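Peer 1: There's a structure below that I have some questions on.
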């Protein structure tokens with residue numbers, strides 16, 4: 580699960596990293612800082628796992644007012 584600030588929200592961490600990179604002559608157009616969350620779920624069906632991960636994200640992991648999230652299922 581990848582959680583990032585919405586584009587219209589000021590990303591202060593991203594701006595700080597971007598400023599540091601530019602100050603050290605590292606070319607970067609934009610930097611966004613977010614969260615990466617890995618869940619090991621008991622669901623064996625991919626659709627069920629995505630539904631459960633979405634439920635968990637919406638319940639506790641992200642703030643819909645200022646963040647967006649993307650889900651990906653990785654089989655082990």
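In our numbering, the protein residues as written are 580 to 655. All C-beta atoms in this analysis are idealised placements derived from N, C-alpha and C, irrespective of residue type, glycine included. Note that the structure is predicted; figures quoted are calculated from it, not measured.
Hey, residue 584 and residue 605: beta-carbon distance below 8 Å or not?
Peer 2: Going by C-beta atoms, residue 584 is not nearer than 8 Å to residue 605.
Peer 1: Check whether the Cβ atoms of residue 640 and residue 628 sit closer than 8 Å, and answer yes or no.
Peer 2: Their beta carbons are not under 8 Å apart, which means residue 640 does not touch residue 628 by this criterion.
Peer 1: Quick check on this structure: which residue in 597, 632, 599 has the alpha carbon closest to the alpha carbon of residue 618?
Peer 2: Taking only the C-alpha atoms, the option nearest residue 618 is 632.
Peer 1: Any idea which residues DSSP pairs residue 582 with across the strands?
Peer 2: Answer is 614, 648, bridged to residue 582.
Peer 1: Return the first residue and the last residue of the alpha helix (DSSP H) that residue 631 is part of.
Peer 2: Run containing residue 631: 625-635, per the alpha helix (DSSP H) assignment.
Peer 1: How far does the alpha helix (DSSP H) with residue 606 in it extend, from its first residue to its last?
Peer 2: Per DSSP, residue 606 belongs to no alpha helix (DSSP H) and is neither H nor E.
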